[in-house]
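Let me begin by presenting the structure, written as structure tokens, before commenting on it.
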Amino acid sequence: MAIDAFLKMLVDCAGICLFGTQVGGKMPLIPWLNAVTGLGLSAEDYLVIGERVLQLRHLFNVREGVNPVRNFAPHGRIFGKPSQEKGPARGLTLDYSKLSKD
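Numbering (this note's numbering), first residue to last: 3 to 104.
Encoded structure:
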């Protein structure tokens, strides 16, 4: 899982479409990045860069007072607001505050 997160950060930083990296054949991401930057880094080096970006994002959020547990607010549709009119979840609404541990 961590490697996937590091790769996503790397793709985001490079400005590459994430969808494009997930479909089709094997994308030569590392050779492309080396051609653009001229650095000649290995795949492991680029994953370290992705890890550092991920850590920096978390540190920024901590500095700004964002707590992922406290500040996470899923869309109301996830909890049935408004409730479904048809199907097995018809009329069902969940209370998000009862689902989280404080």
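Just so it is clear, CB atoms sit at the ideal spot from N, CA and C, and this is done for glycine as well.
| query | result |
| --- | --- |
| Among residues of its own chain, excluding the 5 on either side of Leu-56, which ones have a beta-carbon nearer than 7 Å to its beta-carbon? | Ala-7, Phe-8 and Met-11 |
| Which one of Arg-65, Tyr-98 and Cys-15 has the shortest CA to CA distance from Gly-52? | Cys-15 |
| Between which two residues does the alpha helix (DSSP H) harbouring Pro-33 extend? | 31-39 |
| For Arg-92, which beta-bridge partners are listed by DSSP? | Gln-86 |
| Between the Cα of Ser-99 and the Cα atoms of Ala-91, Gly-93, Phe-81 and Phe-62, which residue gives the shortest distance? | Phe-81 |
| Gly-22 lies in the alpha helix (DSSP H); which residues open and close that run? | 20-24 |
| Here's a check: name, in chain order, each residue in its chain whose Cβ is nearer than 6 Å to the Cβ of Thr-23, leaving out the five neighbours to either side. | Val-13 and Met-29 |
| Within 10 Å of its beta-carbon, does Leu-140 have 16 or more other beta-carbons around it, so buried, or fewer, so exposed? | In the structure displayed, the chain extends from 3 to 104; residue 140 sits before or after that span and is not available. |
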